[in-house]
Amino acid sequence: MTTLVTEVYTIHFYATLAFIVVIIMIGVPMWWKTTEVYRVPLPYAEIESLNDVPIKATFRMGLFVKSQERRDILMFELSKKFENNFVFNLQLEDFSLDPTLVEAAKTPAALEAAVLKKHPLGLGEFVLIEWNKLEDDVLVTSERSAFISESATSLKIFQVLSSWILQEYKIKAIIGSRDLQTSHHRQIRLNTAPMQPHYEILISVLNPRPDVQKIHWNARAAAENYIAPFLDGLSMIANFTVKTQWVYQVEIQTPQKQIPDEGPLKRHYAIQEDALPHVITAFEKKLGNQISNDPAIHLVVYVPPCGLAPLRIYRKDGTRVSENNVEAFTSAKWGGIVLANPPENAIAKCLEGSGTTEFHLSSQDVMPVLLYQLRKIFDLENNVSISEFYEKDML
Numbered sequence: 001m002t003t004l005v006t007e008v009y010t011i012h013f014y015a016t017l018a019f020i021v022v023i024i025m026i027g028v029p030m031w032w033k034t035t036e037v038y039r040v041p042l043p044y045a046e047i048e049s050l051n052d053v054p055i056k057a058t059f060r061m062g063l064f065v066k067s068q069e070r071r072d073i074l075m076f077e078l079s080k081k082f083e084n085n086f087v088f089n090l091q092l093e094d095f096s097l098d099p100t101l102v103e104a105a106k107t108p109a110a111l112e113a114a115v116l117k118k119h120p121l122g123l124g125e126f127v128l129i130e131w132n133k134l135e136d137d138v139l140v141t142s143e144r145s146a147f148i149s150e151s152a153t154s155l156k157i158f159q160v161l162s163s164w165i166l167q168e169y170k171i172k173a174i175i176g177s178r179d180l181q182t183s184h185h186r187q188i189r190l191n192t193a194p195m196q197p198h199y200e201i202l203i204s205v206l207n208p209r210p211d212v213q214k215i216h217w218n219a220r221a222a223a224e225n226y227i228a229p230f231l232d233g234l235s236m237i238a239n240f241t242v243k244t245q246w247v248y249q250v251e252i253q254t255p256q257k258q259i260p261d262e263g264p265l266k267r268h269y270a271i272q273e274d275a276l277p278h279v280i281t282a283f284e285k286k287l288g289n290q291i292s293n294d295p296a297i298h299l300v301v302y303v304p305p306c307g308l309a310p311l312r313i314y315r316k317d318g319t320r321v322s323e324n325n326v327e328a329f330t331s332a333k334w335g336g337i338v339l340a341n342p343p344e345n346a347i348a349k350c351l352e353g354s355g356t357t358e359f360h361l362s363s364q365d366v367m368p369v370l371l372y373q374l375r376k377i378f379d380l381e382n383n384v385s386i387s388e389f390y391e392k393d394m395l
């Protein structure tokens with residue numbers, strides 16, 4: 001009996017040992033092979049060296065100048081100025097034009113249309129055309145062309161190309177250098193919202209006291225005359241839906257301080273600049289953009305009640321933000337607000353307590369400000385003037 005038990009244990013032992021051997025010798029290698037992930041050896045040294053290799057975009061530019069000598073000089077000087085450019089590789093070429101075509105043109109628009117019809121330009125292409133009828137040194141058009149006068153220098157042409165056409169200062173700031181994010185103590189805006197395929201442009205007219213003041217203004221016609229033509233030019237980038245609305249009983253709750261002045265009313269009211277974000281937060285809850293899934297850009301025309309008008313925006317140091325009585329502010333990813341103060345005679349009539357005061361808003365005063373804010377929101381304005389670049393280049 002003991003011998004039989006011993007044999008059974010021996011059989012179990014060798015069976016277990018055989019199973020372990022099979023697992024280790026066959027199972028593990030098979031598992032390792034079947035679950036193996038193919039890893040490509042990467043050239044880490046070459047990848048790291050890419051940090052030192054500049055990434056440049058080719059910028060093809062044609063130049064038409066009537067005088068061969070002046071053309072050669074301009075091409076040489078412009079090539080030298082772009083020789084060490086950090087991002088653009090300039091390919092400067094002689095642009096052939098019929099001199100009679102240039103001489104026959106009476107306006108820059110006519111010349112541009114004739115040139116682009118005969119020589120259509122593509123992406124990454126630009127053309128400079130000398131025109132002896134030009135009063136300014138450089139005239140930048142809405143297409144891929146610019147006109148230069150016979151007296152325009154290569155320095156001025158380079159400044160226009162660098163700051164207005166290529167906007168190198170923004171690229172430098174985006175790439176990383178903090179000291180390049182300001183120009184003459186002016187902050188360069190880098191928080192522009194990325195473009196979306198569709199936007200809803202909502203123009204809201206806010207009348208906080210309809211019982212006291214009656215406002216006459218055709219907001220829809222103003223939007224069609226001012227905003228729609230601008231958005232048509234952006235139709236290839238995104239689709240836009242423009243809506244207008246009137247909102248009542250919505251008032252700025254931020255404290256407004258009365259400031260004495262020498263105007264006919266002998267006073268005005270001040271709102272601090274640092275309180276403006278709270279104004280946007282309060283207005284946003286009342287504008288009703290939650291009904292749309294598309295990103296909304298708000299253009300708000302706020303008409304202060306006569307008892308708290310005119311309303312001016314002040315800095316922390318006690319100085320006014322605007323010097324030309326245009327009271328407005330912009331939030332890059334939200335929209336803009338214009339404070340459309342009632343006329344002084346309407347304010348005076350309201351203060352006399354003679355019933356409801358009626359007045360008209362002028363589209364010529366309000367809409368250019370809204371249009372400028374819209375350009376800022378889409379980052380279509382230039383933050384640096386040519387004179388600033390000229391001063392920096394000459395230092």
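Under the UniProt record's numbering, the residue at position 351 of the sequence shown is numbered 351, and the numbers go up by one with no gaps.
Think of the CB as a built atom: it goes at the ideal place given N, C-alpha and C, for glycine as much as any other residue.
Helix, strand or coil at Asn51 according to DSSP, with G and I counted as helix: As a working mapping, residue 51 is identified with position 51 in the sequence shown. DSSP places Asn51 in helix when its eight states are reduced to three.
Any 3 or more C-beta pairs closer than 8 Å across the region 350-361 and the region 215-224: For the pair of segments examined, the region 350-361 was found to touch the region 215-224: the number of CB pairs separated by less than 8 Å reaches three.
Thr330 classed as buried or exposed, judged by whether at least 16 other C-beta atoms fall within 10 angstroms: Residue mapping note: residue 330 aligns to position 330 of the sequence shown, counting from 1. Its Cβ being crowded by 16 or more others within 10 Å, Thr330 is buried.
Sequence-distant residues of the same chain with beta carbon closer than 6 Å to Leu231, five excluded per side: Taking the sequence shown and counting its residues from 1, one reaches residue 231 at position 231. Excluding residues within five positions, the ones whose Cβ falls inside 6 Å are Phe240.
Check whether Val138 and Ile148 have beta carbons under 8 Å apart: For the purposes of this step, residue 138 is identified with residue 138 of the sequence shown, where counting begins at 1. For the purposes of this step, residue 148 is identified with residue 148 of the sequence shown, where counting begins at 1. Contact: yes.
Three-state class that DSSP yields for His12 in the structure shown: Along the sequence shown, read from residue 1 onward, the residue named residue 12 stands at position 12. DSSP places His12 in helix when its eight states are reduced to three.
Contact between the region 370-382 and the region 343-360 (3+ Cβ pairs under 8 Å): With a cut-off of 8 Å, the region 343-360 and the region 370-382 do not count as touching, because too few Cβ pairs lie within range.
C-alpha distance - Lys243 paired with Phe88, whole-angstrom precision: Your numbering for residue 243 matches position 243 in the sequence shown. Your numbering for residue 88 matches position 88 in the sequence shown. Answer to the nearest angstrom: the Cα atoms are 41 Å apart.
Per-residue DSSP class, three states only, for Pro277: Indexing the sequence shown from 1 puts residue 277 at position 277. Residue state for Pro277 is assigned as helix, using DSSP reduced to three classes.
Minimum Cβ-Cβ distance from Leu74 to chain D less than 8 Å: Protein chains in the displayed structure number just one, and chain D is not present.
Local Cβ density within 10 Å of Ala45, reported as buried at 16 or more and exposed below that: To locate residue 45, count along the sequence shown from 1; it is residue 45. Classification for Ala45: exposed.
Unbroken beta strand (DSSP E) run spanning Trp246, endpoints: What you label residue 246 is simply residue 246 of the sequence shown in a count that begins at 1. From DSSP, the beta strand (DSSP E) with Trp246 extends over 239-248.
For Phe59, the first and last residue of its enclosing beta strand (DSSP E): One-based indexing of the sequence shown puts residue 59 at position 59. Residues 57-64.
Selected residue, minimal CA-CA separation from Arg144, among Lys81, His119, Val279: Residue mapping note: residue 144 aligns to position 144 of the sequence shown, counting from 1. Relative to the Cα of Arg144, the nearest Cα in the group Lys81, His119, Val279 belongs to His119.
Per-residue burial, Phe19 [other beta carbons within 10 Å of its own, 16 or more giving buried]: Mapped onto the sequence shown, residue 19 falls at position 19. Exposed: under 16 other Cβ atoms inside 10 Å.
Buried/exposed call for Met61, threshold 16 Cβ in 10 Å: Here residue 61 refers to the residue found at position 61 of the sequence shown. It is buried - the Cβ of Met61 has at least 16 other Cβ atoms within 10 Å.
Nearest neighbour of His278, chosen from Gly288, Thr3, Thr254 [CA to CA]: Here residue 278 refers to the residue found at position 278 when the sequence shown is read from its first residue. Nearest of Gly288, Thr3, Thr254 to His278, Cα basis: Thr254.
Pick from Gln159, Asn324, Glu168 that is closest to Leu78, judged by C-alpha positions: Working through the sequence shown from its first residue, we reach residue 78 at position 78. Nearest of Gln159, Asn324, Glu168 to Leu78, Cα basis: Gln159.
Span of the beta strand (DSSP E) around Ser34: Position 34 of the sequence shown, counted from the start, is the residue given in the question as residue 34. It is Thr, not Ser, that sits at residue 34 in the sequence shown. For Thr34, no beta strand (DSSP E) run applies; the uninterrupted alpha helix (DSSP H) run containing it begins and ends at 28-34, by DSSP.
Ala340 classed as buried or exposed, judged by whether at least 16 other C-beta atoms fall within 10 angstroms: By one-based count along the sequence shown, residue 340 stands at place 340. By the Cβ neighbour-count rule, Ala340 is buried, with 16 or more other Cβ atoms within 10 Å of its own.
Alpha-carbon to alpha-carbon, Leu111 and Ile313: Residue numbering aside, residue 313 sits at position 313 when the sequence shown is read from its first letter. Residue numbering aside, residue 111 sits at position 111 when the sequence shown is read from its first letter. If you draw a straight line from the Cα of Ile313 to the Cα of Leu111, it comes to about 45 Å.
Delimiting residues of the beta strand (DSSP E) encompassing Glu103: Residue mapping note: residue 103 aligns to position 103 of the sequence shown, counting from 1. DSSP places Glu103 in no beta strand (DSSP E) but in the uninterrupted alpha helix (DSSP H) bounded by 99-104.
Sequence-distant residues of its chain with Cβ nearer than 7 Å to Val369 (five each side left out): Locating residue 369 in the sequence shown gives position 369, counting from the first residue. The residues are Val326, Ala328, Val338.
Span of the alpha helix (DSSP H), counted from its first residue to its last, around Asn218: For the purposes of this step, residue 218 is identified with residue 218 of the sequence shown, where counting begins at 1. For Asn218, there is no enclosing alpha helix (DSSP H), as DSSP marks it with neither H nor E.
Beta-carbon spacing of Ala296, Glu200 below 8 Å: On the sequence shown, position 296 is the one that residue 296 refers to. On the sequence shown, position 200 is the one that residue 200 refers to. Cβ distance < 8 Å, so Ala296 and Glu200 count as in contact.
Beta-carbon proximity of Tyr269 to Ile259, cut-off 8 Å: Reading the sequence shown from its first residue, position 269 is the one you call residue 269. Reading the sequence shown from its first residue, position 259 is the one you call residue 259. Yes, Cβ-Cβ distance for Tyr269 and Ile259 is below 8 Å.
Cβ pair count under 8 Å reaching 3, the region 203-210 against the region 293-308: With a cut-off of 8 Å, the region 293-308 and the region 203-210 count as touching, because enough Cβ pairs lie within range.
Cutoff 6 Å; reference Leu90; Cβ partners in own chain excluding five residues on either side: As a working mapping, residue 90 is identified with position 90 in the sequence shown. Closer than 6 Å at Cβ, skipping near neighbours: Phe59, Phe82.
Nearest neighbour of Val127, chosen from Gln256, Pro208, Asn85, Glu93 [CA to CA]: Here residue 127 corresponds to residue number 127 of the sequence shown, with the count starting at 1. The shortest Cα separation from Val127 among Gln256, Pro208, Asn85, Glu93 belongs to Glu93.
Sequence ranges, beta strand (DSSP E) only - wholly within the region 261-345, length at least 3: Counting only runs of at least 3 residues, the region 261-345 fully encloses the following beta strand (DSSP E) elements, listed from N- to C-terminal order: 267-272, 296-302, 311-314, 328-331, 335-339.
Per-residue burial, Ser163 [other beta carbons within 10 Å of its own, 16 or more giving buried]: Stepping through the sequence shown from its first residue, residue 163 is reached at position 163. Label assigned to Ser163: buried.
Asp274 versus Asp294: straight-line alpha-carbon distance, rounded: Looking up residue 274 in the sequence shown gives position 274. Looking up residue 294 in the sequence shown gives position 294. Distance between Asp274 and Asp294, taken at the CA atoms: about 29 Å.
Proximity winner among Gln272, Ile26, Lys286, Leu311, relative to Gly318 (alpha-carbon distances): By 1-based counting over the sequence shown, the position of residue 318 is 318. Distance from the Cα of Gly318 is smallest, within the candidate group Gln272, Ile26, Lys286, Leu311, for Gln272.
Assigned secondary structure, Leu190 (DSSP; H/G/I helix, E/B strand, else coil): The residue labelled residue 190 in the question sits at position 190 within the sequence shown. Here the model assigns Leu190 a pLDDT of 47, short of 50, so the residue's position is not dependable, and the following value carries that caveat. Leu190 sits in coil when the DSSP states are folded into three classes, being neither helix nor strand.
Enclosing alpha helix (DSSP H) for Leu74 [first to last residue]: Position 74 of the sequence shown holds residue 74. Start and end: 68-81.
Length of the line joining the Cα atoms of Ile129 and Glu168: Taking the sequence shown and counting its residues from 1, the one referred to as residue 129 is at position 129. Taking the sequence shown and counting its residues from 1, the one referred to as residue 168 is at position 168. One alpha carbon belongs to Ile129, the other to Glu168, and they sit about 22 Å apart.
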